[in-house]
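Chemist: Take this structure, written in structure tokens, and hold onto it; I'll ask about it next.
Residue numbers (the working numbering): 1240 to 1738.
What follows is the structure, given as structure tokens:
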């Protein structure tokens, strides 16, 4: 079955409150997807963001981002007033998220919510806390302690809390009971709104594709609560960290800095942590996209004290053993493998053995210096075809910044014309491809340039900010997309929505 979807993160939805949420505009976007003949809405990780605002560096790989809790829905539940929401400053540019203002103003407002919430706590809250205690208890305590320590990382806390000495943890739970309950409430509200939104989308025949980073942040509840699962020394400092080796684009390579997994330890407990994580994500989303899939075959390990990635080495990952175990425990997995970059024969074999579809990016196809397996005529049907992802420039931005030879090659290969719009020519190439699924970023549909770029890897301060404007996703645009879905046989049939 040929399907299609649109990539746009929740943060990028229009909203009067500084950032996109799971409220009315999210449902309007689902309606737009339905009218446009789409089958999927792909989003980035919805976990809480930490310093740098990246959804790929989170305080928890299980928790939801409190910023996405819709304030108008809280007003309907009488947990806020409209005036309280509108009296706050949310930034003066509707096209970009101002994370600094958001951080300063959102949480004081959510504290007001908590004061009213605890006056009449719903029974469902206690059920939620019990069902999710395996991650929620550690996360809520972690966030309460982080607040109590002025936001500093857990590995800089008092030693007894850092190493989770039982007496210190028991005392902290008593001292910060109210704060712990506040963080649990936020996760309850997030889950209530997310569940409703996902049901709304599914009822319209729209599946949610969610993103799962392979690694977790060092400053996270995951690492603090499960240090034995990670490659840490006796002081809980990373022995080796994640990254990529030097290549033609970077002399120093990429130093990501995430703690590495102790795959030998994880194997001994039958990958319990990964089973919990993927099992949770499989319920959260309809399809899970795993970022940096090649890391399961082999991963690059850099000495923890190094300042660049030059001295790393490749090590063997868990391979099929992990995925066989997950399937045995969780059933058949609905996964997209992010297999971008240089792929060794063993990575290709792992992808083939899992049966997961890999990814093809059209913007990677036109490097005139070398032959490319990203050119559409090389695709197999078991893949997901993109113009680009959150890490790439937009189509129109690429045409301005790419080497002239690459641009010339793209125009000739795809027979692009300025009259039609280079973005529409590339979109049609993705939709026309043999890939079973095609996903395109909303910015490319809107024909935005570099101003619509979501992330520029290895930079800080200007990423994850782009937002669509009210009216961008209009009926005329939906009809235009839908017409292309009919032409390229990606139109969702009515019977496919009835599940």
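Don't be surprised by glycine CBs; every beta carbon is placed ideally from N, CA and C.
Entirely within the region 1521-1605 and at least 3 residues each: give me those beta strand (DSSP E) ranges in chain order.
Modeler: Here the runs fully enclosed are 1526-1529, 1537-1542, 1552-1555, 1574-1576 and 1597-1600.
Chemist: I need the straight-line Cα distance from residue 1735 to residue 1473, nearest angstrom please.
Modeler: Within the chain shown, residue 1735 is the residue found at index 496, counting from 1. Within the chain shown, residue 1473 is the residue found at index 234, counting from 1. Reliability fails at residue 1735, whose pLDDT of 46 lies under 50, so the model's placement of it is uncertain and the value that follows must be treated cautiously. Those two C-alpha atoms are separated by around 54 angstroms.
Chemist: Counting contacts by CB-CB distance shorter than 7 angstroms, is residue 1244 in contact with chain D?
Modeler: Here there is only one protein chain, and chain D is not present.
Chemist: With DSSP as the reference, please indicate the residues paired to residue 1440 in a beta bridge.
Modeler: For the purposes of this step, residue 1440 is taken as residue 201 along the chain shown, with counting starting at 1. None; residue 1440 has no bridge partner.
Chemist: Let's see if you can read the secondary structure: which residues bound the alpha helix (DSSP H) around residue 1344?
Modeler: Position 105 of the chain shown, counted from the first residue, corresponds to residue 1344. Counting along the chain, the alpha helix (DSSP H) containing residue 1344 begins and ends at 1338-1356.
Chemist: Once DSSP output is grouped into helix, strand and coil, what is the label at residue 1422?
Modeler: Taking the chain shown and counting its residues from 1, one reaches residue 1422 at position 183. Correct three-state label for residue 1422: helix.
Chemist: Three-state secondary structure (DSSP) at residue 1695?
Modeler: Translated into positions along the chain shown, residue 1695 becomes position 456. Residue 1695: coil per DSSP, three-state reduction.
Chemist: So, using beta-carbon positions, are residue 1449 and residue 1523 closer together than 7 angstroms?
Modeler: Counted from its first residue, the chain shown places residue 1449 at position 210. Counted from its first residue, the chain shown places residue 1523 at position 284. Yes. Within cutoff.
Chemist: Let me confirm a value: residue 1616 is counted as buried when at least 16 other C-beta atoms fall within 10 Å, else exposed. Which label applies?
Modeler: The residue you call residue 1616 lines up with position 377 of the chain shown. By the 10 Å Cβ count, residue 1616 comes out exposed.
Chemist: Closer than 7 angstroms by C-beta to residue 1271: which residues in its own chain qualify, once you throw out the five before and the five after it? Chain order, please.
Modeler: The residue you call residue 1271 lines up with position 32 of the chain shown. Only 1712 and 1717 meet the Cβ criterion.
Chemist: Taking DSSP as the reference, what is the three-state secondary structure of residue 1257?
Modeler: Looking up residue 1257 in the chain shown gives position 18. Note: residue 1257 maps to coil in three-state DSSP.
Chemist: Under 8 angstroms: do the region 1648-1658 and the region 1684-1701 share three or more Cβ pairs, one atom per stretch?
Modeler: No, because fewer than three Cβ pairs between the region 1648-1658 and the region 1684-1701 fall closer than 8 angstroms, the two stretches do not touch.
Chemist: If we ignore side chains and look at the alpha-carbon of each, how far apart do residue 1534 and residue 1328 end up?
Modeler: Taking the first residue of the chain shown as position 1, residue 1534 is located at position 295. Taking the first residue of the chain shown as position 1, residue 1328 is located at position 89. Spanning the two alpha carbons is a distance of roughly 42 angstroms.
Chemist: For the alpha helix (DSSP H) holding residue 1497, just list the boundary residues, first then last.
Modeler: If you number the chain shown from 1, residue 1497 lands on position 258. Residue 1497 -> not in any alpha helix (DSSP H); beta strand (DSSP E) instead, spanning 1493-1498.
Chemist: With distances taken from CA atoms, which of 1593, 1357, 1658 and 1494 is nearest residue 1427?
Modeler: Here residue 1427 refers to the residue found at position 188 of the chain shown. Comparing Cα positions, the closest option is 1357.
Chemist: Going by DSSP, which residues form a beta bridge with residue 1477?
Modeler: What you label residue 1477 is simply residue 238 of the chain shown in a count that begins at 1. DSSP output for residue 1477 lists 1471 as bridge partner(s).
Chemist: Does the beta-carbon distance from residue 1676 to residue 1242 come in below 7 angstroms?
Modeler: Reading the chain shown from its first residue, position 437 is the one you call residue 1676. Reading the chain shown from its first residue, position 3 is the one you call residue 1242. Yes. Within cutoff.
Chemist: Could you give the distance in angstroms between the alpha-carbon of residue 1626 and the alpha-carbon of residue 1459?
Modeler: Residue 1626 sits at position 387 when you count from the first residue of the chain shown. Residue 1459 sits at position 220 when you count from the first residue of the chain shown. Each residue's alpha carbon lies about 32 angstroms from the other.
Chemist: Am I right that residue 1253 and residue 1706 are in contact with their C-beta atoms under 8 angstroms? What's the rounded C-beta distance?
Modeler: By one-based count along the chain shown, residue 1253 stands at place 14. By one-based count along the chain shown, residue 1706 stands at place 467. Right, the Cβ-Cβ distance comes to about 7 angstroms (below 8 angstroms), so this counts as a contact.
Chemist: Rounded to the nearest angstrom, how far is the Cβ of residue 1462 from that of residue 1498, given a contact under 8 angstroms?
Modeler: For the purposes of this step, residue 1462 is taken as the residue at position 223 of the chain shown. For the purposes of this step, residue 1498 is taken as the residue at position 259 of the chain shown. Right, the Cβ-Cβ distance comes to about 6 angstroms (below 8 angstroms), so this counts as a contact.
Chemist: If you draw a straight line from the C-alpha of residue 1250 to the C-alpha of residue 1259, how long is it?
Modeler: Counting from 1 along the chain shown, the entry for residue 1250 is found at position 11. Counting from 1 along the chain shown, the entry for residue 1259 is found at position 20. Cα to Cα, the separation comes out at about 4 angstroms.
Chemist: Ordered along the chain, which non-local residues of its own chain (more than five positions away) have a Cβ less than 7 angstroms from that of residue 1263?
Modeler: The count along the chain shown starts at 1 and reaches residue 1263 at position 24. Around residue 1263: 1311.
Chemist: Helix, strand or coil for residue 1366 per DSSP?
Modeler: Taking the chain shown and counting its residues from 1, one reaches residue 1366 at position 127. In this structure, residue 1366 counts as helix in the three-state DSSP scheme.
Chemist: Taking the beta carbon of residue 1391 as the centre, do at least 16 other beta carbons fall within 10 Å, making it buried, or is it exposed?
Modeler: Stepping through the chain shown from its first residue, residue 1391 is reached at position 152. Its Cβ having fewer than 16 others within 10 Å, residue 1391 is exposed.
Chemist: Would you mind working out which of 1663, 1465, 1673 and 1690 sits nearest residue 1679, comparing C-alpha positions?
Modeler: Sequence index remark: in the chain shown, residue 1679 carries index 440 (1-based). Ranking 1663, 1465, 1673 and 1690 by Cα distance to residue 1679 puts 1663 first.
Chemist: Using DSSP's beta-bridge definition, name the partner residues of residue 1677.
Modeler: As a first step, residue 1677 is located in the chain shown; it is residue number 438 there, counting from the start. The partner list for residue 1677 (beta bridge, DSSP) reads 1243 and 1624.
Chemist: With respect to 6 angstroms, is the separation between the Cβ of residue 1353 and the closest non-hydrogen atom of the ligand COA below this value?
Modeler: Of ligands this structure carries none, so the ligand COA is not represented either.
Chemist: Note down, in chain order, each residue of its chain lying with its Cβ closer than 7 angstroms to the Cβ of residue 1618, except the 5 sequence neighbours on either side.
Modeler: On the chain shown, residue 1618 is found 379 positions in, with the first residue counted as 1. Result list for residue 1618: 1599, 1624, 1672, 1673 and 1674, in chain order.
Chemist: Counting Cβ pairs closer than 8 angstroms, one from the region 1311-1325 and one from the region 1373-1387, do we hit at least three?
Modeler: As far as the Cβ criterion goes, the region 1311-1325 does not touch the region 1373-1387, which means the pair count is below three.
Chemist: Compute the Euclidean distance between the alpha carbons of residue 1432 and residue 1710, then round it to the nearest angstrom.
Modeler: If you number the chain shown from 1, residue 1432 lands on position 193. If you number the chain shown from 1, residue 1710 lands on position 471. Roughly 24 angstroms separates the two Cα atoms.
Chemist: Does the distance from the CB of residue 1590 to the CB of residue 1558 come in under 7 angstroms?
Modeler: The residue given as residue 1590 occupies position 351 in the chain shown. The residue given as residue 1558 occupies position 319 in the chain shown. The answer is no: Cβ separation not under 7 angstroms.
Chemist: Fully enclosed by the region 1618-1664, which beta strand (DSSP E) runs are 3 residues long or longer?
Modeler: Listed in chain order, the complete beta strand (DSSP E) runs (minimum 3 residues) inside the region 1618-1664 are 1622-1625.
Chemist: When DSSP labels each residue in this structure, what does residue 1445 get in the three-state scheme?
Modeler: The residue you call residue 1445 lines up with position 206 of the chain shown. The answer is coil: DSSP assigns residue 1445 none of H, G, I, E or B.
Chemist: Which residue from 1726, 1371, 1634 and 1330 puts its Cα closest to that of residue 1740?
Modeler: The structure shown does not extend to residue 1740, since the chain is modelled only from 1240 to 1738, so the question has no answer here.
Chemist: Could you pull the start and end residues of the beta strand (DSSP E) that residue 1279 belongs to?
Modeler: The residue you call residue 1279 lines up with position 40 of the chain shown. 1279-1281 is the span of the beta strand (DSSP E), which, as asked, contains residue 1279.
Chemist: Should residue 1655 go down as buried or exposed, given a rule of 16 or more other Cβ atoms within 10 Å for buried?
Modeler: What you label residue 1655 is simply residue 416 of the chain shown in a count that begins at 1. With 16 or more other Cβ atoms within 10 Å, it is buried.
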